[in-house]
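Comments concern the structure below.
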Amino acid sequence: MSFFVSQKSINTRVKSPVKKIVHASVISTLGTLLCFSHVSLAQSLSGVVLNKQGQPIHNAMVALGNSSQQVRSNKQGIFNFTDIKQGNFELHISAKNYSHSNQQVIVGESNISGLNIVLSASVMEIIDVHATPLHTSSIESALPINVLSADELKMKQASTLGETLKNEVGVHSSYYGPVASTPIIRGLNGPRVLITQNGLDVGDASRIGPDHAVATETSTATQIEVLRGPATLFYGSGAIGGVVNVVDDRVPTSTDDQVDYLLQYNDVSNEKQAAINIQTGIDNIAFHLDGFWRDSKDYKLAGEADSHGEGHDEEHHAGDAEHEEHGKNRLENSASTASGATFGSSYLLDNGFIGFSYGFMNREYGIPGHSHGEEHAPHLTTSLDVDEGVYAKMQQDRWQVLGEYNFEQSFISKVGTKFSYSDYQHQEIESGLVGTTFTNKSTEARVDLFHHDFSGWQGAWTLHYKSSDFKAMGEEAFSPPAKSEMFAAAWLEEKHFGPVLLQLGARIEQVTIDADDSLIGFEDSHQGQHGSHSEPLGHDHHETLISFEQQSFTPISASAGLVWDYQPGYNLGLSVAFSQRAATSGELFSFGPHIGTNTFEVGAMFDVHQHGDEIHIELAEQGPSVETSLNLDVTLRKFKGDFGYVVSAFYNRIDDYYYQQDTGLFFVVDHAHGHADEHENEAGLPILVYQQADVEMYGAEAEFVYQVSSAVKTSLFADYIRAKLIDNNEDGNLPRIPPMRIGAIVNYQADSFDSELSLSHYFEQKDIAELETTTDSYTMVDAHLNYYIAGVGDDLTLYMKGQNLTNVHARVHSSFLKEVAPLPGRNFSVGIRGSF
């Protein structure tokens, strides 16, 4: 919610001694620059990529340092670069089912030929990552990285980003039904996990509440990357917990002709889905077009929706054919529909590209847990089959401009620019009437300046700007309009010291938040430090206009990491990161009912306390401060041969951590009071208050992969998170922390098909916060089958997926709706995908 060398001719006609001197000086200066340039004369570089048995590797990617120059090896494994200038370069070589290789080359006055590069087979999938400015892959980073791409992404793709990533090691889902789930990384989400599209903030409101859908689409993505741990150096303080980067080709960089398509049906919610990507070009102009459409009904359950057996009123629905059919087997208000399209075009240069894209997205979805059977009000025009309850309408228009230019005769080797503008709107509608409208107009600009190799160091400077104009309007708007701005500068460097890659970085930001004046009910009995007045919240109160001071923060981040290849096929990653995060406007200024989450939210600028039967809410005497995190991360990897693993352990100490505390109090229409009886609890909204406290989080993640035979591969995985409050030597637990999980996967690959069977066990979560309930353990069994048809386009795949095959009735502990919205029951998907 929070919220981018030309050469001029020299005049050689000298008409005066002064011009002679100037002319001579210019020529001398240019000569000096050329002498000290990293590049001068053009040369060629060629070689061959082989495996350990000396056989050529076809289609290996060979990239030349930070430049855009890259070639693929032919069927004989041969690659060739032409027109390379003199200097020091690092070759990056990668191929499917092989380990990556980095090799330093010095291009002098002679051509380089006969370079032999040998790659070792790897059971681990090693994929290049776009989310970091400097070149890296999933096994070359000090921090662990998850990457979904190709067939794996298509098989795991779901209607929401959170559900797409929920089975990745170290990643869980907030699960707000199937309609608005967001990723949880190591127990952190919301404003601490940044969701980006091609490295730029998606610009939605998904981080102010779990009921807000992420404004990005996975069915048209080519790759999704998850950086586990603080990524503040790359993206700013909003990435203190990690980054999810959705990569697509909306700004194309190739004129190759390519069409990808997908059609799918799922029986659990009668979901129908279609998606298409089209890539083409003429001469130096590339074009891209994609689109998607999805429609689903209320989904099937394996048992009662409500954990107390009160999820449905059968008498009310007697005579309603649809609800009679659903009975207790479907979750009301879980239907959704979505559509969108993107057009992009680029002009490809010899040394870079410049391109733009425009995309729009529309989503309408019910918000589970808000069914009002007794109410019948005229509803707005909607594509959903919703007559009552709460649902949401979201739409976004997004523009992006991306550019890249490589320099040959300059200390700066490359300039990368990114710009985006998003216009976002989200409406929460109850019984046909708009209760709240959220809007967010966000702008982001980023410039990355890369320098040539300097004494072995490679790096980049980043200048970063982001602004957000966020508004919540309506009778139930719980946060005042606010404008946020962020300016930042960062510096990243890395250098190889033999088998050790050292990575250093630092970043400084200036964040300001201006909240509009707000009408809040107060009585004139007390005076707060940061505003006007305070009063008990009751039906006799009057509203007072509150003027908030501008909030200003200066978060600083720094990190040091190393990757040690202590023997071939093994490495050890170590990372120490100091990160700070500025609070969001929602965390600071919220004050009011949020119908999407069924809570009354109060920001950190206020204090809440109880006197007798009345609740007093007043402005806090102490101003907010930045979150400060110290994160230690250790990752051990083996990626050579038939057996591989990635094992990680982390410790994260966060001081002044913002979290929502359940006060145990309830807000009702005409008064608020202390611990209400059961009937009043149903009528009121629990009051959650943002507070700051010190927190420690630690855990471990592991993934083991074994290639049993050429056809069979097995995997074991596990992750564990522990999150505790530290306050006056008394420990308490953070709410909604995912439980421990273990799982196993068996994959069988044949010539014309492959299949996979997976099992995931979620343990009972008993480490709970005050007023939170435990969640039972459960085991999920899933399977999929792909059948490949040759001779139809480049590839054609028929597939079937089965999820929750044992029809387990399960609830997600990290969900706000776990008591009323369990996971779907047994379900099957069938589909077709291909390309030509």
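Under this note's numbering, the first residue of the sequence shown is numbered 397, with each subsequent residue one higher.
The C-beta atom is built at its ideal place from N, Cα and C for all residues, glycine as well.
In this text the structure is predicted, and so the values were computed from the model without any measurement.
Per DSSP, cross-strand counterpart(s) of residue i
i       : result
Asp844  : Gly812, Thr858
Gln1057 : Val1085
Pro529  : In DSSP, Pro529 forms no bridge with anything.
Pro452  : Leu446
Asp653  : DSSP output for Asp653 lists no bridge partner at all.
Ser1111 : Val1101, Ile1141
As assigned by DSSP and simplified to three states, the class of residue i
i       : result
Thr628  : helix
Met869  : strand
Ser981  : helix
Arg1207 : coil
Ser971  : strand
Thr833  : strand
Ser1235 : An answer regarding residue 1235 cannot be provided, because it is not within the stretch 397 to 1232 covered by the chain.
Glu1017 : coil
Lys1036 : coil
Thr556  : coil
Leu549  : helix
Leu1028 : strand
Ser436  : Residue placement at Ser436 cannot be trusted, given a pLDDT of 44 that sits under 50; the coordinates are not used to answer.
Leu511  : strand
Leu888  : strand
Gly1189 : coil
Arg1132 : coil
Gly1221 : coil
Beta-carbon proximity check, residue i vs residue j, cutoff 8 Å
i       : j       : result
Phe749  : Ser742  : yes
Asn1223 : Lys862  : no
Thr738  : Gly762  : no
Thr1171 : His1157 : no
Gly751  : Leu798  : yes
Leu984  : Ala973  : no
Val622  : Ile508  : no
Arg1132 : His1209 : yes
Gln466  : Met457  : yes
Gly852  : Glu889  : no
Ser647  : Gln796  : Reading off the sequence shown, one finds Val at residue 647, where the question assumed Ser. Cβ atoms of Val647 and Gln796: closer than 8 Å.
Ala734  : Lys693  : no
Gly595  : His526  : yes
Ala701  : Val1204 : no
Ser516  : Pro964  : yes
Gly1128 : Glu1166 : yes
Arg1207 : Ser703  : yes
Ser753  : Gly599  : no
6 Å CB neighbourhood of residue i in its chain, flanking five on each side removed
i       : result
Ile672  : Tyr657, Gly687
Ile535  : Ile522, Arg1033, Phe1035
Asp597  : Glu840
Val514  : Leu446
Leu1194 : Tyr1183, Ile1228
Gly723  : Summary for Gly723: the model assigns pLDDT 43, below 50, so the residue's position carries little reliability; its value from the coordinates is reported in the next sentence. Cβ neighbours of Gly723 beyond the five flanking positions: none.
Lys867  : Thr835, Pro877
Val1226 : Tyr661, Met1196
Lys837  : Asp819, Asp865
Leu1219 : Ala1206
Close-in-space but distant-in-sequence residues of the same chain around residue i (CB under 7 Å, 5 per side omitted)
i      : result
Ser545 : Ile523, Thr618, Gln619
Ala873 : Thr832, Gly988
His822 : Ala601, His608, Ala788, Met790, Phe834
Ala979 : Ala1000, Pro1020, Tyr1054
Glu559 : Ser569, Pro574, Ser577
is_contact[residue i, chain C] using C-beta, thresh 8 Å
i      : result
Gly755 : Here there is only one protein chain, and chain C is not present.
Own chain partners of residue i with C-beta closer than 8 Å, once the 5 adjacent residues on each side are dropped
i       : result
Leu1201 : Val1177, Asp1178, Ala1179, Arg1222
Leu590  : Asp597, Ala627, Tyr631, Gly632, Gly634, Ala635, Gly638, Val639, Val640
Ser440  : Asn476, Phe477, Thr478, Asp479, Ile480, Asn507, Ile508, Ser509
Asp1090 : Arg1049, Ile1050, Asp1051, Asp1052, Tyr1053, Leu1121, Ile1122, Asp1123
Would you call the segment 568 to 583 and the segment 1051 to 1059 touching, i.e. three or more CB-CB distances under 8 Å?
no
Is it true that the segment 956 to 966 meets the segment 984 to 996, where meeting means three or more beta-carbon pairs spaced less than 8 Å apart?
no
Counting Cβ pairs, one atom from each stretch, are 3 or more of them under 8 Å apart for the segment 579 to 599 and the segment 675 to 682?
no
Tell me whether the segment 841 to 853 and the segment 794 to 811 touch, counting them as touching only if at least three CB pairs, one residue from each stretch, are closer than 8 Å.
yes
Does the structure place the segment 1088 to 1097 close enough to the segment 1040 to 1050 that three or more beta carbon pairs sit under 8 Å?
yes
Stretch-stretch touch, CB-based, cutoff 8 Å, three pairs: the segment 891 to 911 with the segment 948 to 955:
yes
Just checking, does the segment 1103 to 1118 make contact with the segment 542 to 558 on the three C-beta pairs under 8 Å criterion?
no
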